[in-house]
Structure formats: C-alpha cells, structure tokens
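First to last, the sequence lines map onto chains A and B.
Here this note's numbering is used: the first residue of the first sequence is 4, the next is one more, and so on.
Here this note's numbering is used: the first residue of the second sequence is 4, the next is one more, and so on.
Ideal Cβ positions, reconstructed from N, Cα and C, are used throughout, including at glycine.
2 protein chains.
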Amino acid sequence: MTVNRQILLVSRPKGAATLDNFQLAAPEVPALGDGQVLVRNHYLSLDPYMRGRMNDTKSYAPPQPVDTVMIGATVGEIVESLNPDWPVGTKVAAMFGWQEYGISDGSDLRRIGDARLPLSVYLGAAGMPGVTAWYGLNKIIAPKAGETVVVSAASGAVGSVAGQLAKRAGCRVVGIAGGPEKCAYVVDTLGFDACVDYKAGRLDEDLKAALPNGADGYFENVGGAVLDAVLRRMNAHGRIALCGMIAGYEGAPVPLQAPGLLLTQRLLVQGFIVTEHLEVWPEALGALAQALASGELRYRETISQGIESAPAAFLGLLRGENFGKQVVRLI
Amino acid sequence: MTVNRQILLVSRPKGAATLDNFQLAAPEVPALGDGQVLVRNHYLSLDPYMRGRMNDTKSYAPPQPVDTVMIGATVGEIVESLNPDWPVGTKVAAMFGWQEYGISDGSDLRRIGDARLPLSVYLGAAGMPGVTAWYGLNKIIAPKAGETVVVSAASGAVGSVAGQLAKRAGCRVVGIAGGPEKCAYVVDTLGFDACVDYKAGRLDEDLKAALPNGADGYFENVGGAVLDAVLRRMNAHGRIALCGMIAGYEGAPVPLQAPGLLLTQRLLVQGFIVTEHLEVWPEALGALAQALASGELRYRETISQGIESAPAAFLGLLRGENFGKQVVRLI
Numbered sequence: 004m005t006v007n008r009q010i011l012l013v014s015r016p017k018g019a020a021t022l023d024n025f026q027l028a029a030p031e032v033p034a035l036g037d038g039q040v041l042v043r044n045h046y047l048s049l050d051p052y053m054r055g056r057m058n059d060t061k062s063y064a065p066p067q068p069v070d071t072v073m074i075g076a077t078v079g080e081i082v083e084s085l086n087p088d089w090p091v092g093t094k095v096a097a098m099f100g101w102q103e104y105g106i107s108d109g110s111d112l113r114r115i116g117d118a119r120l121p122l123s124v125y126l127g128a129a130g131m132p133g134v135t136a137w138y139g140l141n142k143i144i145a146p147k148a149g150e151t152v153v154v155s156a157a158s159g160a161v162g163s164v165a166g167q168l169a170k171r172a173g174c175r176v177v178g179i180a181g182g183p184e185k186c187a188y189v190v191d192t193l194g195f196d197a198c199v200d201y202k203a204g205r206l207d208e209d210l211k212a213a214l215p216n217g218a219d220g221y222f223e224n225v226g227g228a229v230l231d232a233v234l235r236r237m238n239a240h241g242r243i244a245l246c247g248m249i250a251g252y253e254g255a256p257v258p259l260q261a262p263g264l265l266l267t268q269r270l271l272v273q274g275f276i277v278t279e280h281l282e283v284w285p286e287a288l289g290a291l292a293q294a295l296a297s298g299e300l301r302y303r304e305t306i307s308q309g310i311e312s313a314p315a316a317f318l319g320l321l322r323g324e325n326f327g328k329q330v331v332r333l334i
Numbered sequence: 004m005t006v007n008r009q010i011l012l013v014s015r016p017k018g019a020a021t022l023d024n025f026q027l028a029a030p031e032v033p034a035l036g037d038g039q040v041l042v043r044n045h046y047l048s049l050d051p052y053m054r055g056r057m058n059d060t061k062s063y064a065p066p067q068p069v070d071t072v073m074i075g076a077t078v079g080e081i082v083e084s085l086n087p088d089w090p091v092g093t094k095v096a097a098m099f100g101w102q103e104y105g106i107s108d109g110s111d112l113r114r115i116g117d118a119r120l121p122l123s124v125y126l127g128a129a130g131m132p133g134v135t136a137w138y139g140l141n142k143i144i145a146p147k148a149g150e151t152v153v154v155s156a157a158s159g160a161v162g163s164v165a166g167q168l169a170k171r172a173g174c175r176v177v178g179i180a181g182g183p184e185k186c187a188y189v190v191d192t193l194g195f196d197a198c199v200d201y202k203a204g205r206l207d208e209d210l211k212a213a214l215p216n217g218a219d220g221y222f223e224n225v226g227g228a229v230l231d232a233v234l235r236r237m238n239a240h241g242r243i244a245l246c247g248m249i250a251g252y253e254g255a256p257v258p259l260q261a262p263g264l265l266l267t268q269r270l271l272v273q274g275f276i277v278t279e280h281l282e283v284w285p286e287a288l289g290a291l292a293q294a295l296a297s298g299e300l301r302y303r304e305t306i307s308q309g310i311e312s313a314p315a316a317f318l319g320l321l322r323g324e325n326f327g328k329q330v331v332r333l334i
C-alpha cells in the first residue's frame with residue numbers, strides 16, 4: 004500500500020491567507036485502471052495565481068472547491084503503467100496539484116526532459132512562468148532595440164526571464180525587487196542594467212534615477228504602489244503587459260492613483276494569462292529550453308522540502324520571501 | 004480697418020477653470036503678406052482637450068502659453084487672398100483658435116464643404132470628434148457583430164458618433180449620459196439600445212440591468228466613477244478605447260478603484276489621441292461625411308453666439324451642460 008500525502012484547501016481566507024486554510028491528508032493510492040499510469044511527483048510549483056483560486060470571486064478561472072487538493076503544476080516520473088504509450092521511467096509535467104502522486108490516462112501529461120536541465124526547471128523558466136514572460140514581452144511589450152523595459156518582481160520566476168529576454172532584444176532593462184540581495188542578483192547575475200529596491204523607501208526617486216529616458220515597456224507582476232510609480236515614468240506609446248498584481252491578492256483592491264496617465268501618455272495595457280495562448284507554447288518552450296541549456300538564461304530557485312512544507316512556503320511567496328522560483332521538493 | 008476679437012488665456016486655473024482665466028482682446032487684423040490669405044472664422048470648436056492645455060503639466064501636447072490666443076479648431080471662409088491656390092470664397096477648416104479671423108499661407112488649411120452639410124459639422128461629426136470616434140471604435144474596440152459596446156458621454160460629439168458606428172457594426176450599444184433628456188435622445192434619436200443616466204444615483208444597478216451579457220467594448224470619454232462602474236461589467240478579453248477622462252481634468256486625479264479587473268478579465272486598455280493617427284483621416288472623414296449626408300448618422304449641436312461667449316460655453320462643457328457638439332458661432 005502506498006500513501007499519497009496531499010494538501011487540501013479546507014477553508015477560504017478572510018483577508019490574508021493563513022495556514023488554517025490548508026490541511027494535510029494521506030489517502031491510499033488506488034489501483035490503476037486500464038490505460039492509466041501512476042506518476043510520482045518530484046516537484047510541485049507554487050505560484051501567485053493560486054491565491055486567486057482560494058477566493059470565491061469572479062476571476063479568469065473558477066475558484067478551487069473547498070476540501071479538494073490544491074491546484075498546481077507538478078513534474079515527476081511514471082512509476083507504474085498500464086499504458087504502453089507512457090512507459091515507466093518517463094518524465095512528465097502535469098497539473099496534479101499539491102500531492103505526492105497523480106494518476107492519469109496520459110491525455111493531460113506532457114513529456115519533458117533534457118539531460119542538460121534539472122527537472123524542477125520545467126516548473127519555472129522552462130515551464131509556465133517562462134512562457135508567461137516570453138508571451139508578455141514578445142507579444143505585448145514587443146520592445147525594439149534601444150528601448151527601456153521595466154520588470155517588477157525582477158528576481159522572480161517570471162520577471163527574471165522577462166528581463167533577460169528584454170536584454171537579449173537589445174533593451175535597457177531596469178528591475179524592481181525587494182531588498183539589496185535580490186537587487187544585486189538581478190544586476191550581477193541576471194544582467195539587468197539596474198535594479199530598484201522598492202523596500203528602500205525611495206521608489207519614485209530611485210526609479211527616476213534609473214530611468215533617465217523613461218520607460219517604453221513595463222512587465223507588471225506586482226500592482227499597487229509599484230504600478231503607480233512606474234506609470235509616472237512611462238513614455239508616450241508605452242506598453243504594459245499586466246501579468247500579475249500580487250499587491251491586491253490579499254484583501255481589498257489597491258486603487259490605481261492616476262489612471263489619467265494612460266490617456267495622456269497614450270499607453271497600452273493588456274492583461275493576459277498564458278494558458279489562453281497555447282499556440283505560442285511550443286515556440287516559447289523550445290526557445291527557453293535552448294537558452295537555458297546553453298547557459299544564456301539564468302534562473303534561481305527557492306526549494307522547500309516535503310509536501311507538508313507547501314502551505315508555509317506558499318504564504319511566504321505571497322509575502323515575497325522566496326528568491327527566484329518557489330518549488331516544493333516531494334522526494 | 005478690421006478688428007479681430009479674440010480670447011486669450013491670461014492665467015492658469017488653480018483647481019477648476021474660471022472666467023478669470025480668459026480675457027477678450029481686439030487687435031487690428033494686419034495687412035496680408037505675399038501668398039497669404041485672410042479667413043473669416045464662422046465657427047469655433049470647444050473640446051474637452053482644451054482644459055488640459057490650460058495646465059502647465061506634462062501631457063501629450065505642450066501647455067498653451069499664457070497671454071496667447073486659446074487653441075482650437077475653426078471653420079470659415081477666405082475673405083481676402085494673395086494666394087492663387089486659395090481663392091476668396093473657399094471654405095476651410097483650420098486651427099486658428101478662439102478668434103474671429105486667421106491668416107495663413109494655406110499650408111495649414113483643409114478645404115471643406117459639401118452642399119448637403121452645414122459648415123459647423125466639420126468641427127463635430129465630420130471633423131476631429133468624428134474621426135476620434137471612428138478610430139477608437141474601429142481600431143481599438145474593433146467590435147464583432149453581436150458584441151455589446153458601452154459608450155460614455157453618449158450624447159456628446161464623440162460618443163454619439165462612436166455609438167452609432169457600433170450600431171451599424173451590428174452591436175448592442177449602451178450609452179451613459181447625464182439626465183433623462185440626454186438619455187432619451189441617445190435612445191430615440193441616435194438609436195442606441197439603452198442609455199443609463201449616471202446622474203440618477205443608481206449607476207451600478209442600472210448598468211447591470213442594461214448589460215445582461217456584460218460589455219465587450221467600452222468607448223471611454225469620462226473616467227472616474229463611470230469607468231469604475233463599467234469596468235465591473237466588462238467581459239473577458241474586453242477592449243477599452245481610452246479617449247477622454249473629463250472627470251479628472253479639473254483638480255486632482257481620480258483613482259481607479261479596482262485595477263485588478265484589467266488582469267482578471269484580461270482587458271485591453273489603449274489611450275489614444277486621434278491627431279497621432281493622421282493616416283486614417285481620409286478614410287474616416289470620407290465615411291463620416293457620406294453617412295452624415297445620407298442622414299444615417301445623426302448629430303446635435305449646442306451653439307453659443309459670439310466670440311465673447313466662448314469662455315462661459317467652455318466652462319459649461321466641462322460641467323456637461325452642453326447637449327451634443329459645443330460650437331461658438333462667430334458671424
């Protein structure tokens with residue numbers, strides 16, 4: 004008998020999410036049916052979008068039902084198979100959620116694996132966050148060489164890729180991140196031209212200094228006061244890829260202070276979620292895996308150990324305590 | 004000797020604009036130089052954008068210098084000419100500003116005139132406001148037949164054209180206007196499917212009732228609480244053409260209450276000014292003049308008499324006291 008430890012959502016947050024909203028369960032793994040495979044998940048992805056699913060409000064996806072396994076992307080390996088197309092040993096990405104095992108008929112699995120890349124990277128730069136960065140940068144901001152692009156949450160899973168892609172497109176790239184350590188990483192390791200520490204208390208002045216020619220593109224992961232500050236620096240005809248607004252995920256919406264700038268600067272704002280643009284995934288994933296394997300694209304992970312660590316790691320992610328892509332190691 | 008009465012901006016508003024910001028002057032018309040023509044302006048256009056020019060702040064155009072003639076579009080007739088290309092009697096549109104006469108070498112004049120259309124309409128539905136509506140609707144909202152489009156300031160110079168064009172594109176069209184008289188005009192004369200009176204104090208409820216299937220496109224002329232309310236009704240992948248935000252033109256910016264909706268509904272917002280898209284003017288003006296001449300496109304004007312009436316008429320426009328396109332008759 005194999006036990007499948009998993010994390011359930013057992014209540015909805017009132018204001019900020021808490022550990023009480025989650026509960027560990029440990030059911031037995033059922034026997035496989037014809038055509039099914041059993042996947043041992045090696046890593047679970049933790050992403051800001053999950054916070055939205057915990058609420059019972061209108062959004063781009065239905066809310067996560069209470070008393071079910073939390074949604075989430077996973078990578079792992081097939082350990083039992085009654086499906087000849089999916090033999091034991093195959094490495095797969097899936098959406099099994101916050102649990103150690105998953106069962107599938109193969110229709111919702113994606114083959115992954117490149118000897119040069121660790122499995123966890125398929126949850127980050129070579130997975131959904133990477134494609135998100137690729138889409139927002141190339142399809143919305145569409146920067147020209149010589150333009151300036153700002154990226155918030157610049158050391159994070161999405162921002163780090165967006166900024167590096169913008170550098171490769173010949174742009175001046177300015178990151179925004181929380182704290183001197185993250186900012187140093189953004190400049191020294193990721194190669195951004197500058198990084199503004201939003202926790203230093205001089206967001207407006209520091210952004211102005213880092214943007215002598217203003218900003219033509221903005222890859223937005225944060226919202227709130229950071230969005231207000233960047234908006235004041237946008238050049239005419241700037242483009243804003245609205246990917247995340249983590250500042251407003253807990254509690255009340257955070258107003259945008261000066262929406263008139265969208266008009267006076269003739270800005271484009273486009274909200275998007277990458278799962279609605281599946282047509283770009285093959286191209287984007289191919290380009291990202293290649294750049295990662297060659298070492299051109301750098302990434303960093305924060306790894307918590309064991310499925311039981313997922314709730315606390317997730318709450319930390321919402322507070323910006325992770326550094327780079329947050330994953331949970333399940334083996 | 005001919006006197007050219009004109010209105011100067013003599014001070015910048017502190018908060019709301021007042022009559023004190025303007026002053027009447029009456030200089031003599033100078034003698035023409037070689038190649039010049041003298042135009043007698045018949046009508047002056049009053050438009051919300053002029054309020055922005057009165058401030059000394061960063062916007063899409065430089066501020067109007069103090070002690071100069073207020074900027075503005077005019078239509079009139081050449082009454083003296085030293086330029087064989089521009090004979091006396093030619094009807095022209097120009098940007099002579101708030102004054103009775105203008106002098107030009109012809110380079111900044113546009114020939115207008117269609118026996119079926121009064122001259123003033125070239126300041127409205129067959130002029131800049133009409134092209135603004137055409138551009139925002141066709142190039143930004145780009146509605147498909149069967150979609151729902153909302154238009155604010157629906158009885159105004161821009162909104163009335165935008166909504167009628169959306170109807171002709173096969174859309175359900177809902178206007179927002181101030182007061183029952185304007186709303187009745189929007190539905191009964193302009194042919195919108197419904198109109199919500201934002202002054203009635205039930206904006207959210209009335210919009211919800213008028214939009215059983217939500218809104219796919221929004222032509223925004225107003226901003227403020229109206230924008231907040233429409234945002235709550237936007238469908239996924241909606242498009243917002245941000246043309247004007249008159250609610251924030253006087254005094255402090257009006258915050259946008261729930262910018263997170265731009266993300267969760269994956270909305271497009273595009274600020275624009277039509278003078279940056281001169282490539283569409285010939286096509287748009289041709290289509291508008293044709294639809295106006297045939298009677299398919301309806302319009303309404305509020306006309307004040309005499310250049311001395313311009314400041315008060317302009318302040319009334321900012322308060323929504325006009326009904327349809329606001330012009331000043333100068334003859």
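Problem - With 16 other Cβ atoms within 10 Å as the buried cut-off, status of residue 250 (chain A) - result: Mapped onto the first sequence, residue 250 (chain A) falls at position 247. By the neighbour-count rule (16 or more Cβ atoms within 10 Å), residue 250 (chain A) is buried.
Exercise for the section: Indicate whether residue 264 (chain B) and residue 232 (chain B) have their beta-carbon atoms separated by less than 7 Å. Expected result: Here the question's residue 264 (chain B) lines up with position 261 in the second sequence. Here the question's residue 232 (chain B) lines up with position 229 in the second sequence. Contact check for residue 264 (chain B) against residue 232 (chain B) fails: the beta carbons are separated by 7 Å or more.
Practice task
Identify whether residue 320 (chain A) lies in helix, strand or coil by the three-state DSSP scheme.
Solution key: If you number the first sequence from 1, residue 320 (chain A) lands on position 317. In the three-state scheme derived from DSSP, where H, G and I count as helix and E and B as strand, residue 320 (chain A) is classed as helix.
Problem - Neighbour list for residue 301 (chain A) in chain B, Cβ cutoff strictly below 7 Å - result: For this step, residue 301 (chain A) is matched to residue 298 along the first sequence. Simply none; closest approach about 27 Å.
Handout entry: Backbone CA spacing between residue 90 (chain A) and residue 68 (chain A) [nearest angstrom]
Key = Translated into positions along the first sequence, residue 90 (chain A) becomes position 87. Translated into positions along the first sequence, residue 68 (chain A) becomes position 65. So the alpha carbons of these two residues sit roughly 32 Å apart.
Problem - For residue 120 (chain A), the nearest candidate out of A:277, A:244 and A:292 (CA to CA) - result: Taking the first sequence and counting its residues from 1, one reaches residue 120 (chain A) at position 117. The shortest C-alpha separation from residue 120 (chain A) is found at A:292.
Practice task
Could you tell me the boundaries of the alpha helix (DSSP H) in which residue 134 (chain A) lies?
Solution key: Along the first sequence, read from residue 1 onward, the residue named residue 134 (chain A) stands at position 131. 131-138 is the span of the alpha helix (DSSP H), which, as asked, contains residue 134 (chain A).
Handout entry: Beta-carbon proximity list for residue 150 (chain A), same chain, < 6 Å, skipping 5 on both sides
Key = Here residue 150 (chain A) refers to the residue found at position 147 of the first sequence. Cβ neighbours of residue 150 (chain A) beyond the five flanking positions: 174 and 219.
Exercise for the section: Could you check the C-alpha separation between residue 136 (chain A) and residue 239 (chain A) for me, to the nearest Å? Expected result: Residue mapping note: residue 136 (chain A) aligns to position 133 of the first sequence, counting from 1. Residue mapping note: residue 239 (chain A) aligns to position 236 of the first sequence, counting from 1. If you take the alpha carbons of residue 136 (chain A) and residue 239 (chain A), they lie about 23 Å apart.
Handout entry: Nearest residue (CA-CA) to residue 87 (chain A), options A:306, A:39 and A:287
Key = In the first sequence, counting from the first residue as 1, residue 87 (chain A) sits at position 84. Of the listed residues, the one whose Cα sits closest to residue 87 (chain A) is A:39.
Problem - First through last residue of the alpha helix (DSSP H) which encompasses residue 207 (chain A) - result: Against the first sequence, residue 207 (chain A) aligns to sequence position 204. Under the DSSP assignment, residue 207 (chain A) falls in the alpha helix (DSSP H) whose first and last residues are 206-213.
Practice task
Compare the beta carbon distance of residue 48 (chain A) and residue 225 (chain A) with 7 Å and say whether it is the shorter of the two.
Solution key: In the first sequence, residue 48 (chain A) corresponds to position 45, counting from 1. In the first sequence, residue 225 (chain A) corresponds to position 222, counting from 1. Against a cut-off of 7 Å, the Cβ pair of residue 225 (chain A) and residue 48 (chain A) comes out as no contact.
Handout entry: Within-7 Å CB hit, residue 63 (chain A) to chain B
Key = For this step, residue 63 (chain A) is matched to residue 60 along the first sequence. Chain B contact via Cβ: present.
Practice task
Please determine if the stretch 175-183 of chain A and the stretch 150-167 of chain A are in contact, where contact requires at least 3 C-beta pairs separated by less than 8 Å.
Solution key: Result yes; three or more Cβ-Cβ pairs closer than 8 Å.
Problem - Nearest-angstrom Cα separation, counted from residue 315 (chain B) out to residue 283 (chain A) - result: If you number the first sequence from 1, residue 283 (chain A) lands on position 280. If you number the second sequence from 1, residue 315 (chain B) lands on position 312. Rounded to whole angstroms, the gap between the alpha carbons of residue 283 (chain A) and residue 315 (chain B) is 55 Å.
Problem - Cutoff 8 Å; reference residue 261 (chain B); Cβ partners in own chain excluding five residues on either side - result: Working through the second sequence from its first residue, we reach residue 261 (chain B) at position 258. These residues qualify, in order along the chain: 231, 234 and 235.
Problem - Three or more C-beta pairs below 8 Å linking the stretch 319-329 of chain A and the stretch 294-301 of chain A - result: Cβ pair count under 8 Å is below three, so no.
Problem - residue 163 (chain B) (DSSP reduced to helix, strand or coil) - result: For the purposes of this step, residue 163 (chain B) is taken as residue 160 along the second sequence, with counting starting at 1. In the three-state DSSP reduction, residue 163 (chain B) falls in the helix class (H, G or I).
Problem - Touching by the beta-carbon criterion (3+ pairs, under 8 Å), the stretch 95-102 of chain A and the stretch 31-46 of chain A - result: The stretch 95-102 of chain A, when compared against the stretch 31-46 of chain A, does touch it at the 8 Å Cβ threshold.
Handout entry: the stretch 261-290 of chain B: positions lying closer than 9 Å to chain A by Cβ
Key = Within the stretch 261-290 of chain B, the residues whose Cβ lies closer than 9 Å to some Cβ of chain A are 261, 262, 263, 264, 265, 266, 267, 268, 269, 270, 271, 272, 273, 274, 275, 276 and 279, listed in chain order.
Exercise for the section: Pick helix, strand or coil for residue 170 (chain B), following the three-state DSSP scheme. Expected result: Here residue 170 (chain B) refers to the residue found at position 167 of the second sequence. In the structure shown, residue 170 (chain B) falls within a helical segment according to DSSP collapsed to helix, strand and coil.
Problem - Near-chain A residues of the stretch 217-236 of chain B (beta-carbon distance less than 8 Å), N- to C-terminal order - result: Result list: 226 and 230.
Handout entry: Listed by chain order, chain A residues near residue 239 (chain B) by CB distance under 8 Å
Key = On the second sequence, position 236 is the one that residue 239 (chain B) refers to. Within chain A, the residues near residue 239 (chain B) are 63.
Handout entry: Collapsed DSSP secondary structure at residue 198 (chain A) in the structure displayed
Key = On the first sequence, position 195 is the one that residue 198 (chain A) refers to. Here residue 198 (chain A) carries a strand assignment [DSSP, helix/strand/coil].
Problem - Interface flag, residue 4 (chain A) vs chain B, CB-CB below 7 Å - result: Indexing the first sequence from 1 puts residue 4 (chain A) at position 1. Residue 4 (chain A) does not count as touching chain B.
Exercise for the section: Anything in chain B within Cβ reach of residue 258 (chain A), meaning under 8 Å, just list it in chain order. Expected result: Residue numbering aside, residue 258 (chain A) sits at position 255 when the first sequence is read from its first letter. Within chain B, the residues near residue 258 (chain A) are 258, 259, 260, 261 and 262.
Practice task
For residue 323 (chain B), decide whether its Cβ has a neighbour in chain A, counting only Cβ atoms nearer than 7 Å.
Solution key: Your numbering for residue 323 (chain B) matches position 320 in the second sequence. It does not; no Cβ of chain A falls within 7 Å.
Problem - residue 146 (chain A) burial status per 10 Å Cβ neighbour count (16 or more: buried) - result: Within the first sequence, the letter at position 143 stands for residue 146 (chain A). The Cβ neighbour count for residue 146 (chain A), taken over all protein chains shown within 10 Å, is at least 16; the residue is labelled buried.
Handout entry: Complete beta strand (DSSP E) runs within the stretch 219-279 of chain B (minimum length 3 residues, chain order)
Key = Counting only runs of 3 or more, we get 237-245 and 271-274.
Practice task
Out of A:106, A:154 and A:168, point me to the one whose CA is closest to residue 128 (chain A)'s CA.
Solution key: Numbered from 1 along the first sequence, position 125 holds the residue referred to as residue 128 (chain A). Ranking A:106, A:154 and A:168 by Cα distance to residue 128 (chain A) puts A:168 first.
Practice task
Classify residue 120 (chain B) as helix, strand or coil using the three-state DSSP reduction.
Solution key: Taking the first residue of the second sequence as 1, we reach residue 120 (chain B) at position 117. Note: residue 120 (chain B) maps to strand in three-state DSSP.
Exercise for the section: Spell out whether any CB of chain B is found under 7 Å from the CB atom of residue 248 (chain A). Expected result: Taking the first residue of the first sequence as position 1, residue 248 (chain A) is located at position 245. For residue 248 (chain A), the answer is yes, since a Cβ of chain B falls inside 7 Å of its Cβ.
Problem - Residue range of the beta strand (DSSP E) that includes residue 292 (chain A) - result: For this step, residue 292 (chain A) is matched to residue 289 along the first sequence. First-last for residue 292 (chain A): 284-296, but that is the alpha helix (DSSP H), not the beta strand (DSSP E).
Exercise for the section: Output yes or no for whether 7 Å exceeds the beta carbon distance between residue 242 (chain A) and residue 143 (chain A). Expected result: Here residue 242 (chain A) refers to the residue found at position 239 when the first sequence is read from its first residue. Here residue 143 (chain A) refers to the residue found at position 140 when the first sequence is read from its first residue. Going by C-beta atoms, residue 242 (chain A) is nearer than 7 Å to residue 143 (chain A).
Exercise for the section: Compute the distance between the beta-carbons of residue 35 (chain A) and residue 80 (chain A), then report whether it is under 7 Å. Expected result: Here residue 35 (chain A) corresponds to residue number 32 of the first sequence, with the count starting at 1. Here residue 80 (chain A) corresponds to residue number 77 of the first sequence, with the count starting at 1. Taking 7 Å as the Cβ cut-off, residue 35 (chain A) and residue 80 (chain A) do not qualify as a contacting pair.
Problem - Inter-residue CB distance, residue 76 (chain A) and residue 98 (chain A) (contact presumed, cutoff 8 Å) - result: Indexing the first sequence from 1 puts residue 76 (chain A) at position 73. Indexing the first sequence from 1 puts residue 98 (chain A) at position 95. In this structure residue 76 (chain A) touches residue 98 (chain A) by the C-beta definition: roughly 6 Å separates them, less than 8 Å.
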